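Peer 1:
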Amino acid sequence: MDVSPFNPGALRSEPPEFSRSELGLANRNSGALLELLDADITPTGTHYLLTHFDVPLIDADAHMLDFAGAFDTPFRLSMAEIMALPAISRAVTLECAGNGRAGMHPRPVSMPWMHEAVGTSEWTGTQLAPLIARAGPRAGVLDFAFIGADTGFDKGVPHPFGRSLTPQQLAELDVMLVWGMNGAPLLPQHGAPLRLIVPGWYGMASVKWLTRIEALEHFYQGFQQVQTYRFRQHEDDPGEPVTSIQVRSLMKPPGVPDWFTRTRWLRPGPVRLSGRAWSGGGVPIARVEVLLDGQWADATLRPRPDIYAWTSWQIDWAATSGMHVLVCRATDANGNSQPMSPPHNLGGFANTAPQRVQVHVAEA
Ligand SMILES: Nc1nc2c(c(=O)[nH]1)N[C@H]1C(S)=C(S)[C@@H](COP(=O)(O)O)O[C@H]1N2
Ligand SMILES: [Mo]
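Its first residue numbered 1033, the sequence shown is counted upward by one per residue in this note's numbering.
(1) Let me know the secondary structure DSSP gives S1306 once reduced to three states.
(2) Which of helix, strand or coil does DSSP assign to E1204?
(3) Relative to the C-alpha of L1081, which candidate in P1118, N1131, F1263 and A1112 has its C-alpha closest?
(4) Look up Q1346 in the DSSP assignment and say whether it is helix, strand or coil.
(5) Since I believe G1077 is in contact with E1148 (beta carbons under 8 Å), could you give me their beta-carbon distance rounded to a whole number of angstroms?
(6) For R1044, which residues in the same chain have their Cβ closer than 7 Å to its Cβ, ignoring the five residues on either side in sequence?
(7) Taking 6 Å as the cut-off, is the C-beta of V1430 nearer than that to any heavy atom in ligand 1?
(8) Return the CA-CA distance between Q1257 and G1212, expressed in angstroms with no decimal places.
(9) How many Å lie between Q1200 and P1285 at the Cα?
(10) Measure the beta-carbon distance from R1280 to P1289 and round it to whole angstroms, keeping in mind my assumption that it falls under 8 Å.
(11) How about the region 1149–1156 and the region 1120–1129: do they share at least three Cβ pairs that are nearer than 8 Å?
(12) With a threshold of 7 Å on Cβ separation, who are the neighbours of L1117 within its own chain once the five nearest residues in sequence on each side are excluded?
(13) Would you kindly check if the distance between the Cβ of W1291 and the Cβ of W1342 is under 7 Å?
(14) Does A1362 come out as helix, strand or coil in the three-state DSSP assignment?
(15) Taking contact to mean 3 or more Cβ pairs, one atom from each stretch, closer than 8 Å, check whether the region 1220–1228 and the region 1334–1351 are in contact.
(16) Mark G1105 as exposed unless 16 or more other C-beta atoms lie within 10 angstroms of its C-beta, in which case mark it buried.
(17) Please enumerate, following chain order, all residues with a beta carbon closer than 6 Å to at least one heavy atom belonging to ligand 2.
(18) Under 6 Å Cβ to Cβ from G1223, same chain only, skipping five residues before and after it: list those, please.
(19) Rounded to a whole number of angstroms, what is the C-alpha to C-alpha distance between E1272 and M1372?
(20) Closest to D1325 by C-alpha separation, out of A1203, D1086 and V1389, would be which residue?
(21) List the DSSP bridge partners of H1356.
(22) Near P1040, which residues of its chain fall below 6 Å by C-beta distance, leaving aside the five closest residues on each side in sequence?
(23) In chain order, which alpha helix (DSSP H) runs of at least 4 residues are fully inside the region 1229–1298?
(24) Using CA atoms only, rank isn't needed, just tell me which of Y1261, T1083, P1190 and H1095 is closest to N1377.
(25) Check the Cβ-Cβ distances between V1288 and every residue of chain C, and say whether any is below 7 Å.
(26) Considering only heavy atoms of ligand 1, does any lie closer than 6 Å to the CB of F1185?
(27) On the three-state DSSP scale, how would you describe Q1221?
(28) Please report the straight-line C-alpha distance between H1137 and G1380, rounded to a whole angstrom.
(29) What does the Cβ neighbour count give for S1196, buried or exposed, with the cut at 16 atoms within 10 Å?
(30) Can you give me the C-alpha to C-alpha distance between F1099 and R1244, rounded to a whole angstrom?
(31) Using the beta-carbon count (16 or more within 10 Å), is T1384 buried or exposed?
(32) Only counting the same chain, and skipping five residues up and downstream in sequence, which positions put a Cβ closer than 8 Å to that of V1359?
(33) Relative to ligand 1, is the shortest distance from any of its heavy atoms to the C-beta of D1182 smaller than 6 Å?
(34) Please name the residue, chosen from A1129, A1102, R1304 and A1134, that lies closest to S1051 on a Cα-to-Cα basis.
(35) Could you give the distance in angstroms between the alpha-carbon of P1374 and the alpha-carbon of F1185?
(36) I1120 lies in the beta strand (DSSP E); which residues open and close that run?
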């Protein structure tokens, strides 16, 4: 099921309109422009945005990152000290865990993403693990909390945006401390001057405006760690945590759009369809299939620039006059693919139901 404007019948079972609060969130948290999906690196400024509270304006010259808590040798680093560390740049695809939420039934009321909460940037920074090792976590450390400079309320609970990773997760993930995006300093809305990038995980783990890393001898209990980002069936269900990105694909909509409904128009004849597919944890994409005239056909895949970056795909279609719904679905090397109706959860996370693109094929 899909609530795209091409399928208004699907709206019957849910509130007929998005609330003003949801519209407000949708205005602040922009999505990617699907027509730019042919770019390996999402052009800076068109990368999706998800900010829970307010974007803080931080003076990079005065900014310090604190390594605090249960470390043997806690320390603080200035941006100059961090940027003098060995630098790495990696193309990493970031996706919001709420991507696809607006297509869930019933619709969880939150940031109403359709399909666009994804982008790939070349992130420049340094590896986190050597710095944690330098600070020397005590033997009893169970968790590392990553705290952002932004604070606000959710469900009446005031908190800074914070997330955590266990020592084992840190050992398995190529976590980066990042100050650059596509060869330029981070933009304020993407976490300037310093953020975490946790490749292969949904975006909530990649804490922006990072100010503090705290070693804990208990599990971090921050709101964004324990009260949300969990696959829950009902309010009292503790649920499973949301972690790795689940396999998904998107199509660059072909032809030209109606500006309001985004329905496409194109002429009959050969058309090259293209798009992207990605999965979490560095797992490669094994297959992308596209539904063309009632038949699933295999798209051609191109190698990805980094194990954490999306794969591009393409397929040729002989478009015939009439209305068509184009659908793509990906399968990763672990054999996971996009279910037609993914299981519901309260938060509306990881709705990987395939995108449907309605096209009207006709002579001018
Ligand atoms: N400090 C802080 N970090 C944050 C967030 C936030 O609201 N505050 N949002 C998270 C979520 S849910 C996502 S999907 C990504 C989005 O990163 P982007 O806005 O750079 O695309 O940032 C994550 N890091
Ligand atoms: Mo997110």
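Even glycine gets a Cβ: it sits at the ideal position worked out from N, Cα and C.
These numbers come from a predicted model, not from an experiment.
Peer 2: So, to answer that:
(1) Reduced to three states, the DSSP call for S1306 is strand.
(2) Three-state result, E1204: helix.
(3) When only C-alpha atoms are compared, the closest one is N1131.
(4) Q1346 falls in the strand class under three-state DSSP.
(5) About 14 Å; that fails the 8 Å criterion.
(6) Caution is warranted here: a pLDDT of 42 is assigned to R1044, below 50, making its placement in the model unreliable, and the coordinate value is therefore given only provisionally. Correct list: empty, nothing qualifies.
(7) Given a span of 1033 to 1396 for the chain in the structure shown, any question on residue 1430 remains unanswerable.
(8) Their Cα atoms are separated by approximately 26 Å.
(9) One C-alpha to the other measures close to 41 Å.
(10) Contact between R1280 and P1289 is absent: CB atoms are separated by about 22 Å, not below the 8 Å threshold.
(11) Because the criterion of three Cβ pairs below 8 Å is met, the region 1149–1156 and the region 1120–1129 touch.
(12) Closer than 7 Å at Cβ, skipping near neighbours: T1158.
(13) Their beta carbons are not under 7 Å apart, which means W1342 does not touch W1291 by this criterion.
(14) Strand, per DSSP.
(15) The region 1220–1228 and the region 1334–1351 do not touch, with fewer than 3 CB-CB distances between them shorter than 8 Å.
(16) Strictly speaking, residue 1105 in this sequence is Thr, with Gly absent from that position. Counting Cβ neighbours within 10 Å, T1105 comes out exposed, since fewer than 16 surround it.
(17) Taken from the N-terminal end onward, the list reads L1082, C1128, A1129, G1130, G1235 and M1236.
(18) So the qualifying residues of the chain are K1240 and W1241.
(19) The alpha-carbon atoms of E1272 and M1372 are separated by roughly 22 Å.
(20) Distances from the alpha-carbon of D1325 to those of A1203, D1086 and V1389 put V1389 closest.
(21) Answer is V1391, bridged to H1356.
(22) For P1040, the pLDDT reaches just 47, beneath the cut-off of 50, and the residue's location in the model is therefore unreliable, although a value from the coordinates is still provided. Hits under 6 Å: none found.
(23) Runs found: 1255–1258.
(24) Nearest of Y1261, T1083, P1190 and H1095 to N1377, Cα basis: Y1261.
(25) Given the protein chain composition of this structure (a single chain), no chain C is represented.
(26) Every heavy atom of ligand 1 is 6 Å or more from the Cβ of F1185, so no.
(27) Three-state result, Q1221: helix.
(28) Each residue's Cα considered, the two are about 9 Å apart.
(29) Counting Cβ neighbours within 10 Å, S1196 comes out buried, since at least 16 surround it.
(30) One alpha carbon belongs to F1099, the other to R1244, and they sit about 6 Å apart.
(31) Buried.
(32) Spatial neighbours of V1359 in its own chain (CB-CB distance under 8 Å, excluding positions within 5 residues in sequence) are listed in chain order as V1322, L1323, P1386, Q1387, R1388 and V1389.
(33) Under cutoff, so the answer is yes.
(34) The residue from A1129, A1102, R1304 and A1134 with its alpha-carbon nearest to that of S1051 is A1134.
(35) Cα to Cα, P1374 sits roughly 30 Å from F1185.
(36) Per DSSP, I1120 belongs to the beta strand (DSSP E) from I1120 to E1127.
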